[in-house]
Amino acid sequence: MKPRTILATLSMATILSAGAALAGPAVVSGPGAQPECFAPWTEDTKYLQWPAKEGPYQIAVVNGFVGNTWRIQMVKTAKAYAEDPSVKDKISEFKVVSTGTDAPAQLGAIEDFINQGYDAIITIAVAPTGFDRVIRLADKNDVVLVPFDNVLDTDAVMQVNEDQLAMGKKWGEFILGELDAMGVDGGKLLEVRGLAGNSVDRDRSQAINDAIAADDGNWEVISVVGNWDDGTTQKVVADAIAVHGQFDAVIGQGGSNGIVQALKDAGHPWVPVAGESENGFRKAIAEYSDEGLKGISIGQSPGLVAVAMKAAISALEGNPMPQLISVPLPVATYKDLADGQNFWSELPDNFFTVNEFPPCGVNISGPAIMAETGDDS
Amino acid sequence: MTRWIAQNRGFAAALVLFAALYFSYHLMHPRGFSTAVLVQNANELVAIGFVAMAQTVPVLLGGLDLSVGAVMTLAACVASWLLDGTPAQIALGMIATLAVGAGFGLMNGLIVVYGRLQPIIATLATGAIAIGLALLIRPNPGGNVDGDLNWALTNSVYDFAETYGFARGGDAAWLQPFVNIPVPLILLFGTACLVWLPFKRTVTGRTIYAIGSAEGAAYASGLPIDRARIAAFTLAGFFAACGGLYLAIQTSTGNADVVQAGAYTLNSIAAVVLGGTALLGGTGGVIASILGAMILRAVSFYFRILDIDPLLQPLIEGIVLLTAVSAVAFRTFGVKNQLELFR
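Heads up: the sequence lines are chains H and F, in that order. Heads up: the first sequence begins at 673 in the working numbering, then just goes up one per residue. Heads up: the second sequence begins at 81 in the working numbering, then just goes up one per residue.
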């Protein structure tokens, strides 16, 4: 046969065999493997099961945007976890690429890894939609595709995230509880919102406000937009203090270092503050909690990537997995902060403290990640 | 042949560079030289390829169009509302999408010519308008593009025929020489050949080159300068809309992504330079810019097959591109008069 004919025959054979084996996960009933780690999102969450494959596996992480602390820490965590003794033997090849905010490039990278014969692909989607083609190809080739953090609007793939509504509720309820304990049952609360138009900001803010509305106190909520960014947050909080004088508490969903800095600069008395998991925020809580900074810190952890990798391996081993996995919220309040355990006074302020998920056996601590250079040697 | 190379040194250098890059990529890829890999690469190329084509035309005039990424995004958002229903409705939706882009380009052209603004400033403003419109019609990512259309246009000719059931589902003998060609490549190069090559040969097309080379001489020769400028920006809008249309089909959705629009505009300029078109205008062409886009993409392909520290990848990509641009454009930057390149 001529080379061209051989190519044609081969490609047709591939297409036909792929069509015949119309694969992809089967929808099964739970419970799934390791429910203490891979908790289903709700009771109605369906379970997916892929045909078991022999290990070790080839796994790729396709990141989109890279360039903020969270993403860099996520990439380092992924590399550190791939070397973890509990999974090292199950991974034969591990690659991380960042495509930038470019949907065709991210879709292309995922498809390229499918073509290369990778078994699982972990991704932070650059857009919540548009992945139909790669999902179809992944199913055809029995590749496990796991979006996490920025997840997709579909129930066709296994996804890993933290419950943003639960996070907002927890923030709201903690602050109201602290105010209640102080004997304050009404006044001004400052809410610091995140990036407008983003589903995470929407969910967190809605849950915070629902929690405040459900309280019997008389609260006035002032909302400002801080874009989850320390600098922006510091500016908008300072502006709010200049206009409104004094707040009884601050509930922020990001840029927490900026909240603390603005309070400090304005000479605002320390009040209960809810915020994300930045190291600097936790340092401040530890230092000033006696003076009134009764803080709570909950984080969207860069360590989610490790849970997603672990979920992918579990799925490849043939275990039934929840379609949407809810990772337990890493919560720390002023009562249980300890230097060297859940924050590090020697590490930079913008480092994200929460990385560990003990129920999942993901025990990569802050200093371990900072030590990970990312070299491939 | 020798004369052709001498006249198109930038293009020839880019061609050699791309061939070397792409050939070694296939050699190292576990499934190299297969249709699946070719189809995947082609899909990734189309949007940036079209936007690079769009950028080329104003660059030939000696201007820059900072709105091409935004117009692509706008077109994708428009298309995400229109590409569903009967084949006639879908076809109408495609035409409407391309008309929106061309119309936006026409507006750019009119502002530049009659508003007498620098193209770079005018399009910076209109680009923001395009993104604003895109956000207005698509505040949240979404849309419902026909699934068959998505599958057929992002695959090989065989799958295209199979999806729409012609040529006996792709098995007809006459189709066999073409079954492995990716449809996206046909769309990209087809548009370039059917739209650009004939246009380039018209008086208006020649005038675009003349303006970039020596505007005063073009004016003194009585060439239709205003018409050429308006045509150039309209064509840029049209090509950007082609990119947006394909992006909507490829992702089945529209997404008014501001960051992505900016990235595409910047990458389009990089692709134009990589293809050997001079930023000062007067020499180059859209086919060369597709080649530039191919080099741009091929560099990032390597990160998937080689073990490179993820945090070093942007740095390495930048260095490789800088080297490539220097190699390709060295001569074009050095000459005092663009006409020297045609000797």
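Virtual Cβ for every residue (Gly too), placed ideally from N, Cα, C.
Using beta carbons (cut-off 8 angstroms, strictly below), is residue i in contact with chain F?
i	result
H:T773	yes
H:E726	no
H:S770	yes
H:N787	yes
H:I763	no
H:I744	yes
H:V1097	The shown model of chain H, from 673 to 1049, leaves out residue 1097 of chain H, and the question about it has no answer.
H:K860	no
H:M981	no
H:T681	Low confidence applies to H:T681: its pLDDT is 48, below 50, so where it sits in the model is not reliable, and the reading given next is rough at best. So, not an interface residue.
H:A693	Here the model assigns H:A693 a pLDDT of 44, short of 50, so the residue's position is not dependable and the matter cannot be decided.
According to DSSP, residue i sits in a beta bridge with which residue or residues?
i	result
H:G638	For residue 638 of chain H there is no data in the structure shown, the boundaries of chain H being 673 and 1049.
H:A980	None, per the DSSP bridge assignment.
H:W891	H:G859
H:V699	H:L720
H:G924	H:V864
If you measure from the beta carbon of residue i to each beta carbon in chain H, is any gap under 8 angstroms?
i	result
F:N88	no
F:T234	yes
F:S332	yes
F:V151	no
F:S380	yes
F:Q135	no
F:A208	no
F:G222	yes
F:A116	yes
F:A351	no
F:A127	yes
F:D228	no
F:P390	yes
F:A343	yes
F:Q169	no
F:Q393	yes
F:F98	no
List the residues of chain H whose Cβ lies closer than 7 angstroms to the Cβ of residue i, in chain order.
i	result
F:F246	Result: empty, since nearest Cβ-Cβ is about 17 angstroms, beyond 7 angstroms.
F:S348	Going along chain H, no residue has its Cβ under 7 angstroms from F:S348, so there is no contact; the nearest lies around 12 angstroms.
F:N188	The premise fails here: F:N188 is roughly 24 angstroms from chain H at the closest Cβ pair, so nothing lies under 7 angstroms.
F:Y120	The amino acid occupying residue 120 of chain F in the given sequence is Gln; Tyr does not appear at that position. G780, E783, D784, N787, listed in chain order.
Could you list which residues in chain F have their beta carbon closer than 9 angstroms to that of residue i, in chain order?
i	result
H:K760	Result: empty, since nearest Cβ-Cβ is about 16 angstroms, beyond 9 angstroms.
Whose Cβ in chain H lies nearer than 9 angstroms to the Cβ of residue i?
i	result
F:N335	A775, V798, A799, P800, T801, G802
F:H109	D784, N787, Q788
F:E295	Going along chain H, no residue has its Cβ under 9 angstroms from F:E295, so there is no contact; the nearest lies around 35 angstroms.
Under 7 angstroms Cβ-Cβ, which residues of chain F neighbour residue i?
i	result
H:A1050	Since the first residue of chain H shown is 673 and the last is 1049, residue 1050 of chain H is not available in this structure.
H:K718	By Cβ distance, chain F contributes nothing, its closest Cβ being about 22 angstroms from H:K718, past 7 angstroms.
Is the closest heavy atom of the ligand HEM to the C-beta of residue i under 7 angstroms?
i	result
F:L402	For the structure depicted, the ligand HEM is absent and the ligand set is empty, with no information on it obtainable.
Just to make sure I have the definition right: I need the residues of chain H whose C-beta is within less than 8 angstroms of the C-beta of residue i. Which are they?
i	result
F:V339	F737, T773
Q | Proximal residues, the region 798-827 of chain H versus chain F, C-beta separation under 7 angstroms | A | Across the region 798-827 of chain H, CB contacts with chain F closer than 7 angstroms involve A799, P800, T801, G802, D804, R805, in sequence order along the chain.
Q: Would you list, in chain order, the members of the region 950-964 of chain H that have their beta-carbon closer than 7 angstroms to a beta-carbon of chain F?
A: Closer than 7 angstroms at the C-beta level to chain F, one finds no residue of the region 950-964 of chain H.
Q | Minimum length 3: unbroken beta strand (DSSP E) runs contained in the region 718-789 of chain H | A | Here the runs fully enclosed are 719-721, 729-735, 763-770.
(Q) Give the list of continuous beta strand (DSSP E) stretches no shorter than 3 residues that lie fully inside the region 991-1026 of chain H. (A) You should have 996-998, 1003-1005.
(Q) Please give me, in chain order, every unbroken run of the beta strand (DSSP E) with length at least 3 that falls completely inside the region 192-280 of chain F. (A) Complete beta strand (DSSP E) runs here, min 3: none at all.
Q: Give, in chain order, every unbroken run of the beta strand (DSSP E) that is at least 3 residues long and sits entirely within the region 844-889 of chain H.
A: If only complete runs of 3 or more residues are kept, the region 844-889 of chain H shows the beta strand (DSSP E) at 858-865, in order along the chain.
Q | Within 8 angstroms of chain H by C-beta, residues of the region 315-328 of chain F in sequence order | A | Those would be L327, in chain order.
Q) Which whole runs of the alpha helix (DSSP H) in the region 284-365 of chain F are 4 residues long or more, in chain order? A) Taking only runs of at least 4 residues, the alpha helix (DSSP H) segments lying wholly in the region 284-365 of chain F are 295-300, 305-331, 338-354.
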